[in-house]
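Trainee: Encoded as structure tokens, here's the structure I'll be asking about.
Number of protein chains: 2
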Amino acid sequence: MQIQAVIMAGGVGSRFWPLSRQKIPKQFLPIISEKTMIEETVLRLLPLLSPHNIYTVANLEHTQTIRKLLPKLPAENLLVEPQGKNTAPSLILATAKIYLQNPEAVVAALPADHLLKDSSLFLKKLEAAASLASQKFLITFGIPPTYPATGYGYIHFSKANPHQIQGESFYTVKEFKEKPGYEQAKQFLESGNYYWNSGMFLWQARVFAQKLENHAPSIFSYWKRMLDALKNEKDREIKSIFEEIPALSIDYALMEKAREGVLVCPGNFGWSDVGAWSSLMDIWPKDKNGNVIKGDGIVYNARNCLSYSPHKLTALIGVEDIIVVDTGDALLVCHRDQDQKVKDIVDSIKKKGKKEYL
Amino acid sequence: MQIQAVIMAGGVGSRFWPLSRQKIPKQFLPIISEKTMIEETVLRLLPLLSPHNIYTVANLEHTQTIRKLLPKLPAENLLVEPQGKNTAPSLILATAKIYLQNPEAVVAALPADHLLKDSSLFLKKLEAAASLASQKFLITFGIPPTYPATGYGYIHFSKANPHQIQGESFYTVKEFKEKPGYEQAKQFLESGNYYWNSGMFLWQARVFAQKLENHAPSIFSYWKRMLDALKNEKDREIKSIFEEIPALSIDYALMEKAREGVLVCPGNFGWSDVGAWSSLMDIWPKDKNGNVIKGDGIVYNARNCLSYSPHKLTALIGVEDIIVVDTGDALLVCHRDQDQKVKDIVDSIKKKGKKEYL
Chain E
33 MQIQAVIMAG
43 GVGSRFWPLS
53 RQKIPKQFLP
63 IISEKTMIEE
73 TVLRLLPLLS
83 PHNIYTVANL
93 EHTQTIRKLL
103 PKLPAENLLV
113 EPQGKNTAPS
123 LILATAKIYL
133 QNPEAVVAAL
143 PADHLLKDSS
153 LFLKKLEAAA
163 SLASQKFLIT
173 FGIPPTYPAT
183 GYGYIHFSKA
193 NPHQIQGESF
203 YTVKEFKEKP
213 GYEQAKQFLE
223 SGNYYWNSGM
233 FLWQARVFAQ
243 KLENHAPSIF
253 SYWKRMLDAL
263 KNEKDREIKS
273 IFEEIPALSI
283 DYALMEKARE
293 GVLVCPGNFG
303 WSDVGAWSSL
313 MDIWPKDKNG
323 NVIKGDGIVY
333 NARNCLSYSP
343 HKLTALIGVE
353 DIIVVDTGDA
363 LLVCHRDQDQ
373 KVKDIVDSIK
383 KKGKKEYL
Chain Y
33 MQIQAVIMAG
43 GVGSRFWPLS
53 RQKIPKQFLP
63 IISEKTMIEE
73 TVLRLLPLLS
83 PHNIYTVANL
93 EHTQTIRKLL
103 PKLPAENLLV
113 EPQGKNTAPS
123 LILATAKIYL
133 QNPEAVVAAL
143 PADHLLKDSS
153 LFLKKLEAAA
163 SLASQKFLIT
173 FGIPPTYPAT
183 GYGYIHFSKA
193 NPHQIQGESF
203 YTVKEFKEKP
213 GYEQAKQFLE
223 SGNYYWNSGM
233 FLWQARVFAQ
243 KLENHAPSIF
253 SYWKRMLDAL
263 KNEKDREIKS
273 IFEEIPALSI
283 DYALMEKARE
293 GVLVCPGNFG
303 WSDVGAWSSL
313 MDIWPKDKNG
323 NVIKGDGIVY
333 NARNCLSYSP
343 HKLTALIGVE
353 DIIVVDTGDA
363 LLVCHRDQDQ
373 KVKDIVDSIK
383 KKGKKEYL
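Chains as they are written, first to last, in my numbering: chain E, 33 to 390; chain Y, 33 to 390.
Here it is, written out as structure tokens:
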């Protein structure tokens, strides 16, 4: 069984503005450690996979960055998506590329910008998941929820008759759920039958094609054309097909439609999607008053704040639950409960035409 | 009657950190208008006084700045205080200097860094005050309080038998009060017999000497020595006497001790001591949510905030009552009710030896 990891690195990461920018989205920032998130994502896989079995999918403008950060990956593994669309077009491109080399290969589609604290547990589950994937299942990792999050999609699963393999349990998926409201999220949490959707998936290339053919015929037609264009190295056609594929998530385009044969494995390996600034308050070390201070800071009577201003002296006085992020040219001051609005600010900057701040 | 204004420009203005620094205290910043506060203070006097009748007292390191900002003032009017101490030593020096030229001159001691919105009313009251000062009274301006401020000293006055001159009323001062606690401040406000102490004073040079002799004999001895040293231009001795004078305020060293013959004029000319960042929220224009934004700002769901960051894009999201001040090298994020603590931060920076931020 051959595993081919596809690192999805096309995200724009606008929720980490002003640190993340169009040219440097979150996956290219050293947020969690001194290494960038995409480096961490690849390093984590190396005990299991050779660099030749690791692909990236990203925009052309980031290919150079990826080449510098990940010099051991073969140049031909750095797939370029003609535009940032969503996961379905990117993963059709990547899976087709892999299919042409080996239709039996198992594709592990992994976001470039997530935190996984327990790498060895993750790899153990990944191997088990790959084994099941080569038995024609579509596999996903679900995160046991710890609070009624409204910022994640959910996976409704059945506890009955789990598949056991290599000591790991895989449960049948009943439904993929969009981000819920608070009350519904509470019900999901209390029921015990829901996981957060981690956005990590495994499938055998051949099975991916079959499932598309059976359950998503309109998408399957793009798949066939993409295979053909890749086989004949028709770059312009690849681009044009990519642009035609609807900008859907793979969850919606395939996983949800496949219905049967979709399994979820509980991913209790210390996952975070590091989705916004406040998520770093659970990751970075805090002082005794709950403050996370990155940079030279003076804190007086402040609680549960995050200050990221590596290049200047920052004084916090009498403030609570505030996120402060300073870069050379821009400054964010945000209540920690409202950091999801940061991407709206980026939209607003875009509308105002202030490109230098994007 | 000759009026000689003495602009007290020795303040360090640490409550406006990080904008104000040791090298650029508040009086040398264009906080209220496009002109610096000391320029505003002098400009306001020009309808009444010639530049030759305006003195400044400041530290040596600021003399060059004053000369640049106020080129019309004669160089010999820029008095140098050997060290920043308090108002009594500075005003003994300045009054002695003026006394040697004309003991009948009326000295108007004025802070360099206060806001007076109604200049013409101020000048009208200043002229009336000077007339009374030449009748041997010590005069001060008191600000009718509008809320139970705990950040100001108070002047307890008697409403009985005010002195009327040039249409202005002057009341007998009963007592100078230090900054009160909140409950006492409320009583002061409710009684109607208290004004805020504005720190502006007038006296005839000869009367100043007499009052010191009669009511503050220990200070009077310094006065006599200072007069002598100035007369003989003994610079080293001037410096050494200055250093010996206790670091008292003139309120405490003279006004409070003189007791009788001290009058207060209500200063309803739109005064603010511009004592800290939050005071600017009453001076600078606000948006409909009460936010004051200086610089390029994006505001989302923020209320009653002040953002001063002229050189960068600043986004405020979901925050209330927050003061944000960004300079090139330092950043302040402070609750508006706690801006009096900014000077403690400056002390803390001093203790840590981070001179570059002072």
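Positions of the beta carbon are idealized from the N, C-alpha and C atoms, including for glycine.
In this text the structure is predicted, and so the values were computed from the model without any measurement.
Less than 8 Å between the C-beta atoms of PHE154/Y and PHE274/Y, yes or no?
Mentor: It is not a contact, given that the beta carbons lie outside the stated cut-off.
Trainee: If I measure Cβ to Cβ from SER304/E and keep anything under 6 Å in the same chain, skipping five residues before and after, which residues do I get?
Mentor: Hits under 6 Å: LEU147 and SER311.
Trainee: Between the region 172-191 of chain Y and the region 220-230 of chain Y, do at least 3 Cβ pairs fall closer than 8 Å?
Mentor: Yes, they touch.
Trainee: From the DSSP output, in three-state form, read off LYS344/E for me.
Mentor: Strand at LYS344/E.
Trainee: Below 8 Å on the Cβ atoms is my contact criterion, and I expect THR88/E with LEU110/E to pass it. Report the Cβ-Cβ distance as a whole number of Å.
Mentor: Correct: roughly 5 Å between the Cβ atoms.
Trainee: Of all the residues that make up the region 333-351 of chain E, which are near chain Y by a beta-carbon distance shorter than 9 Å?
Mentor: Answer set for the region 333-351 of chain E: ASN333, ALA334, CYS337, SER339, SER341, HIS343, LYS344, LEU345, THR346, ALA347, LEU348, ILE349, GLY350 and VAL351.
Trainee: Got a sec: which bits of the region 355-367 of chain E sit with their beta carbon under 7 Å from any beta carbon on chain Y, in order along the chain?
Mentor: Answer set for the region 355-367 of chain E: VAL356, ASP358, ASP361, ALA362, LEU363, LEU364, VAL365, CYS366 and HIS367.
Trainee: Name, please, each residue of chain Y whose Cβ falls closer than 8 Å to the Cβ of GLN54/E.
Mentor: Those do not exist, as GLN54/E stays about 15 Å from chain Y at its closest Cβ, beyond 8 Å.
Trainee: Report the rounded CA-to-CA distance for ILE381/Y versus LEU142/Y, giving the unit in angstroms.
Mentor: Cα to Cα, the separation comes out at about 30 Å.
Trainee: Ordered along the chain, which non-local residues of its own chain (more than five positions away) have a Cβ less than 7 Å from that of SER151/Y?
Mentor: Counting only Cβ-Cβ distances below 7 Å, and skipping sequence neighbours, we find ARG76.
Trainee: So is ILE63/E in contact with chain Y if we call contact Cβ pairs under 8 Å?
Mentor: Closer than 8 Å: no.
Trainee: Would you say ILE330/Y faces chain E, with C-beta separation under 8 Å as the test?
Mentor: Chain E, which has a Cβ nearer than 8 Å to the Cβ of ILE330/Y, makes this yes.
Trainee: With 8 Å set as the bound, which would you pick, yes or no: does the beta-carbon of GLN96/E sit closer than that to a beta-carbon of chain Y?
Mentor: Closer than 8 Å: no.
Trainee: Name the chain Y residues whose beta carbon is nearer than 8 Å to that of LYS373/E?
Mentor: Residues of chain Y passing the Cβ test: TYR332, ASN333, ILE349 and GLY350.
Trainee: To which residues of the same chain is LYS318/Y closer than 6 Å at the C-beta, ignoring the five residues directly before and after it?
Mentor: Only VAL324 meet the Cβ criterion.
Trainee: Step through the CB atoms of chain Y and report whether any lies within less than 8 Å of the CB of LYS386/E.
Mentor: By this cut-off, LYS386/E is an interface position.
Trainee: Pick helix, strand or coil for GLU66/Y, following the three-state DSSP scheme.
Mentor: Looking at GLU66/Y - three-state DSSP - the assignment turns out to be coil, as it is neither helix nor strand.
Trainee: Locate the alpha helix (DSSP H) running through ALA217/E, then write down its first and last residues.
Mentor: Looking at the DSSP string, the run of the alpha helix (DSSP H) that includes ALA217/E is 214-223.
Trainee: From which residue to which residue does the beta strand (DSSP E) around MET40/E run?
Mentor: That run of the beta strand (DSSP E) goes 35-40.
Trainee: For the candidate residues ALA120/E, THR95/E, ALA248/E and LEU390/E, whose alpha-carbon lies nearest to that of GLU108/E?
Mentor: When each option's Cα is compared against that of GLU108/E, the closest is THR95/E.
Trainee: Determine the direct distance from the alpha carbon of LEU221/Y to that of LEU51/E, and round the result to whole angstroms.
Mentor: Rounded to whole angstroms, LEU51/E to LEU221/Y spans 49 Å at the Cα level.
Trainee: Judging by CA-CA distance, which residue of THR73/Y, LYS117/Y and LEU123/Y is the nearest neighbour of LEU105/Y?
Mentor: The shortest Cα separation from LEU105/Y among THR73/Y, LYS117/Y and LEU123/Y belongs to THR73/Y.
Trainee: Please list, in chain order, the chain E residues whose beta carbon lies closer than 9 Å to that of ILE381/Y.
Mentor: Simply ILE330, LEU345 and ALA347.
Trainee: Go through the region 207-286 of chain E residue by residue and report every complete run of the alpha helix (DSSP H) that reaches 4 residues or more, in order.
Mentor: Those alpha helix (DSSP H) runs which fall completely within the region 207-286 of chain E and span 4+ residues are 214-223, 237-247, 249-263 and 267-276.
Trainee: Locate the beta strand (DSSP E) running through THR172/E, then write down its first and last residues.
Mentor: Residues 170-175.
Trainee: Can you tell me whether LYS58/Y is helix, strand or coil according to DSSP?
Mentor: Three-state DSSP puts LYS58/Y in a helix.
Trainee: Please state whether DSSP places ASP358/Y in a helix, a strand or coil.
Mentor: In this structure, ASP358/Y counts as strand in the three-state DSSP scheme.
Trainee: Tell me the residue span of the alpha helix (DSSP H) that contains LYS382/E.
Mentor: That run of the alpha helix (DSSP H) goes 374-383.
Trainee: What does ASP369/Y touch in chain E if you count any residue whose Cβ is under 8 Å from its own?
Mentor: Per Cβ cutoff of 8 Å: GLY350.
Trainee: Which word fits LYS373/E, buried or exposed, when buried means at least 16 other C-beta atoms lie within 10 angstroms of its C-beta?
Mentor: Buried, since its Cβ has 16 or more Cβ neighbours within 10 Å.
Trainee: Helix, strand or coil, according to DSSP, for ASP369/E in the structure here?
Mentor: Helix.
Trainee: List, from N- to C-terminal side, the beta strand (DSSP E) runs of 3 residues or more that fit wholly inside the region 82-165 of chain Y.
Mentor: Complete beta strand (DSSP E) runs here, min 3: 86-91, 110-113 and 138-143.
Trainee: Do MET313/Y and LEU338/Y have their C-beta atoms within less than 8 Å of each other?
Mentor: Cβ distance < 8 Å, so MET313/Y and LEU338/Y count as in contact.
Trainee: Would you say SER190/Y and MET33/Y are within 8 Å of each other, going by their C-beta atoms?
Mentor: It is not a contact, given that the beta carbons lie outside the stated cut-off.
Trainee: With a cut-off of 8 Å, does the C-beta of ASP319/E fall near any C-beta of chain Y?
Mentor: Not closer than 8 Å to any Cβ of chain Y, the Cβ of ASP319/E fails to qualify, so no.
Trainee: With 16 other CB atoms within 10 Å as the buried threshold, where does ALA137/Y fall?
Mentor: So ALA137/Y counts as buried.
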